[in-house]
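Undergrad:
Numbering (our numbering), first residue to last: 2 to 132.
Set out below in structure tokens:
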């Protein structure tokens with residue numbers, strides 16, 4: 002398989018069987034993007050992170066945190082308190098990807114009115130064609 006630096010070395014996410022698609026699936030997930038964005042501001046305990054990412058279930062938060070820790074994007078620190086306090090923070094690699102996701106979140110919010118207008122226009126045109 003021929004690769005270039007732009008394709009990420011030996012990996013090419015555009016190929017069907019490329020295993021790095023799993024990472025893309027994780028990072029492109031809305032809950033992951035929101036979690037990494039919240040952790041980009043500062044580290045959080047589990048409950049704090051759940052409140053920071055409004056609407057995420059405990060199960061989804063747990064699953065995503067485990068996967069992010071496994072992939073090296075989030076670190077988990079257990080503090081010896083009673084009861085033990087667990088804190089989650091971004092690793093260097095997590096900080097790197099969070100910058101892209103934060104930029105995407107900002108873009109989404111900045112352009113949402115334009116997107117809504119485009120949707121309205123499209124729906125109107127589609128409605129006219131179906132008459």
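Even for Gly, the Cβ is constructed at its ideal location relative to N, Cα and C.
Just so you know, these numbers come straight off a predicted model, no measurement behind them.
1) Whole-angstrom Cβ separation of residue 24 and residue 36, contact assumed at under 8 Å?
2) Excluding sequence positions up to five away, which residues of its chain have a Cβ less than 8 Å from the Cβ of residue 130?
3) Output the distance between the C-alpha atoms of residue 128 and residue 40, rounded to the nearest integer angstrom.
4) Could you tell me the boundaries of the beta strand (DSSP E) in which residue 29 lies?
5) Where does the unbroken alpha helix (DSSP H) through residue 103 begin, and where does it stop?
TA: According to the structure data:
1) Looking up residue 24 in the chain shown gives position 23. Looking up residue 36 in the chain shown gives position 35. Incorrect: roughly 15 Å between the Cβ atoms, too far for contact.
2) Within the chain shown, numbered from 1, the residue matching residue 130 stands at position 129. Excluding its 5 nearest sequence neighbours in each direction, residue 130 has no C-beta neighbour in its own chain below 8 Å.
3) By one-based count along the chain shown, residue 128 stands at place 127. By one-based count along the chain shown, residue 40 stands at place 39. In a straight line, the C-alpha of residue 128 is about 43 Å away from that of residue 40.
4) Along the chain shown, one-based indexing puts residue 29 at 28. Where residue 29 is concerned, there is no enclosing beta strand (DSSP E), given that its DSSP letter is neither H nor E.
5) Here residue 103 refers to the residue found at position 102 when the chain shown is read from its first residue. Element bounds for residue 103: 93 to 130.
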